[in-house]
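In this note's numbering, the protein residues as written are 2 to 298.
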């Protein structure tokens with residue numbers, strides 16, 4: 002087994018405000034349930050999962066200097082996440098995400114990640130000023146990148162010498178932001194983690210299965226992609242072809258953060274030296290345990 006290395010997680014770090022009810026919901030329904038507030042955002046969710054597997058994630062994001070931001074970064078530190086390089090703004094509030102989930106899955110969600118978007122490339126400064134790397138000595142190792150960044154910033158990352166030696170692991174923040182990843186589609190050092198809907202958006206086609214979507218991404222120029230489809234088969238596409246695996250059947254108690262858990266678990270398995278089949282199976286198991294509630298948030 003290879004030694005686990007630090008990883009940079011770039012993207013949204015915010016508060017998740019999640020309302021859950023164990024019953025199905027229809028449009029306009031008013032249901033009893035539970036409302037929780039937890040550290041969230043794609044970059045934070047990935048980082049939290051990575052710490053459970055023994056890696057030491059470094060966050061690059063934007064967080065306000067308000068009380069919510071102070072509390073959020075303190076919580077990250079308690080979880081073993083390095084938040085010392087996060088861009089802190091006195092003018093921008095800490096971002097938030099709000100979702101409602103029911104027995105059948107996600108009902109609706111809103112992501113207020115405007116502060117991250119407004120901060121722009123300021124969040125990347127530690128990769129340029131020598132703290133984590135520079136143009137002459139770029140960061141060498143894995144980078145988890147999420148689609149909450151603007152299209153312009155993602156395009157800048159795609160051509161930046163700061164990422165010339167990075168292993169880029171990329172995920173959309175949501176299907177609505179999948180198109181932002183288009184500048185990275187043919188990047189030779191990118192691995193995409195998408196669901197079936199996100200793959201369809203990136204390829205501007207409708208797919209019936211994860212395998213079909215993975216093959217579509219390959220035709221669009223993607224070097225590597227992993228595609229999930231809820232409880233149906235997931236696919237891993239690389240130069241070695243496409244392989245598939247079925248996730249374990251579990252009772253779903255939550256969905257927000259499942260894709261981030263899958264991505265983090267897969268990355269850890271690969272850096273631990275697991276072959277493709279085992280890495281995919283481990284990631285599916287971790288995601289299944291997460292949605293069933295077996296892994297605490």
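All C-beta atoms in this analysis are idealised placements derived from N, C-alpha and C, irrespective of residue type, glycine included. It should be emphasised that the depicted structure is a prediction, and the values quoted were computed from it without experimental measurement.
- Here residue 97 is buried. Its C-beta has 16 or more other C-beta atoms within 10 Å.
- Secondary structure at residue 90: strand, using DSSP grouped into helix, strand and coil.
- The residue among 155, 204, 87 and 68 with its C-alpha nearest the C-alpha of residue 132 is 87.
- A straight line joining the alpha-carbon of residue 80 with that of residue 90 spans about 23 Å.
- Leaving aside the five residues that flank residue 141 on each side, the residues in its chain whose CB is nearer than 6 Å to its CB run, in chain order, 166.
- Counting C-beta pairs with one atom in each stretch, the segment 259-273 and the segment 281-288 have three or more that are closer than 8 Å, which means they touch.
- In the structure shown, residue 191 falls within a strand segment according to DSSP collapsed to helix, strand and coil.
- With a threshold of 16 other beta carbon atoms within 10 Å, residue 204 meets it and is buried.
- Nearest neighbour of residue 280 by Cα position, chosen from 235, 254 and 24, turns out to be 235.
- For residue 82, there is no enclosing beta strand (DSSP E), since its DSSP letter is neither H nor E.
- A distance of 9 Å or more separates the beta carbons of residue 11 and residue 143.
- The closest CA to that of residue 107, considering only 241, 253 and 13, is found on 253.
- Bounds of any alpha helix (DSSP H) do not take in residue 10; it lies within the beta strand (DSSP E) bounded by 8-11.
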